[in-house]
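Step one of this worksheet: look at the structure below.
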């Protein structure tokens, strides 16, 4: 069944069927009902791709993210899709991994699908050397492009992000005020947000007139909780840090498990701060202190900026906010 068959069965021209499908003008209500009756009876579904070309929009947004198992990204993608759906857009999701060649490949794939806009969810898309971000700028020459949790300058690029430098600066100073003296930050891979967080830790030490040491930023190249426990144990055997700021709540859970296995009192002997304010922060005893980077608000604002651009409206293409400290049982 195709548009020609609908035209023949309804006794109208192909152009009339097309106008009905596209909610066009100059079609009487009687004719519209006749065509729709045939469409419903025959169970006809229009070719969305062809219709999109005709209307110059696919009403589809391409969303790229690095890791489907990451709690932060899973939550972000859910809310991005939710807010786009409120504006009548469908979403095409793609898990592209962390390699830059794969990102470029999948951005080109999204462009070939004629999506209306592209979202890059996560700071891993932003390279430290700005010239390496030119592939993002090139894609934005074709469709509006949004970056969640990162910033790249350029025309037609919308960015929404939490000020991670300030968030870690505030977190470290909060821990200093509680009496902590040696605060470490633990992470498992480098990204734009991690660079900002380490910068915030350095700023906090310097604001206290204390020398910052490179050992305070601890790279832990693993993600399995029991292995992280062992890694933390080895680090603490080298020097007795008394507070840990973690790159996310999963790492904070691992640090808490380590402390409990070693009978280290939390927060009296070791203070632990997570990041992202995920569901994990509510699932431990004691509950994790964490930083709320306000992901839902960022998703909503990013979608709003892109939809305005898609509607031909001018407006800001950058939105930033401050993280909130959620102080619970581990501090």
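Numbering (this note's numbering), first residue to last: 27 to 357.
Note that beta-carbon positions come from the ideal geometry of N, C-alpha and C, so glycine has one too.
Owing to the predicted nature of the structure, the values given are computational and were not obtained by experimental measurement.
For a test of the three-state rule: what should DSSP assign to residue i, helix, strand or coil?
i, result
"residue 86", "strand"
"residue 253", "helix"
"residue 297", "strand"
"residue 172", "strand"
"residue 42", "helix"
"residue 337", "coil"
"residue 98", "helix"
"residue 108", "helix"
"residue 326", "helix"
"residue 66", "helix"
"residue 31", "helix"
"residue 91", "strand"
"residue 317", "strand"
"residue 346", "strand"
"residue 113", "coil"
At the level of alpha carbons, what is the spacing between residue i and residue j?
i, j, result
"residue 277", "residue 339", "42 Å"
"residue 118", "residue 318", "27 Å"
"residue 192", "residue 255", "28 Å"
"residue 279", "residue 194", "18 Å"
"residue 32", "residue 116", "26 Å"
"residue 405", "residue 271", "There is simply no residue 405 to check, as the chain begins at 27 and stops at 357 in what is shown."
"residue 273", "residue 220", "7 Å"
"residue 99", "residue 347", "18 Å"
"residue 300", "residue 101", "16 Å"
"residue 311", "residue 265", "26 Å"
"residue 283", "residue 197", "21 Å"
"residue 63", "residue 35", "10 Å"
"residue 296", "residue 304", "21 Å"
"residue 28", "residue 161", "39 Å"
"residue 355", "residue 316", "10 Å"
Taking C-alpha atoms, which residue in the options lies nearest to residue i?
i, options, result
"residue 121", "114, 96, 112 and 137", "96"
"residue 257", "264, 104, 246 and 238", "246"
"residue 130", "140, 165 and 155", "165"
"residue 88", "196, 173 and 69", "173"
"residue 114", "138, 86 and 139", "86"
"residue 425", "48, 107, 205 and 84", "Any property of residue 425 remains undetermined from this structure, which presents the chain solely from 27 to 357."
"residue 336", "261, 144 and 126", "144"
"residue 249", "242, 93, 110 and 177", "93"
With 16 other CB atoms within 10 Å as the buried threshold, where does residue i fall?
i, result
"residue 52", "exposed"
"residue 216", "exposed"
"residue 105", "buried"
"residue 289", "exposed"
"residue 211", "buried"
"residue 124", "exposed"
"residue 353", "exposed"
"residue 213", "buried"
"residue 293", "buried"
"residue 112", "exposed"
"residue 281", "buried"
"residue 253", "exposed"
"residue 275", "buried"
So is residue i in contact with chain D if we call contact Cβ pairs under 8 Å?
i, result
"residue 311", "Any reference to chain D falls outside this structure, which holds one protein chain only."
- Message: Give the list of continuous beta strand (DSSP E) stretches no shorter than 3 residues that lie fully inside the region 223-292.
- Response: Those beta strand (DSSP E) runs which fall completely within the region 223-292 and span 3+ residues are 243-245 and 269-272.
- 4-residue-minimum alpha helix (DSSP H) runs that sit fully inside the region 119-187, ordered along the chain: 126-138 and 160-165, all fully within the region 119-187.
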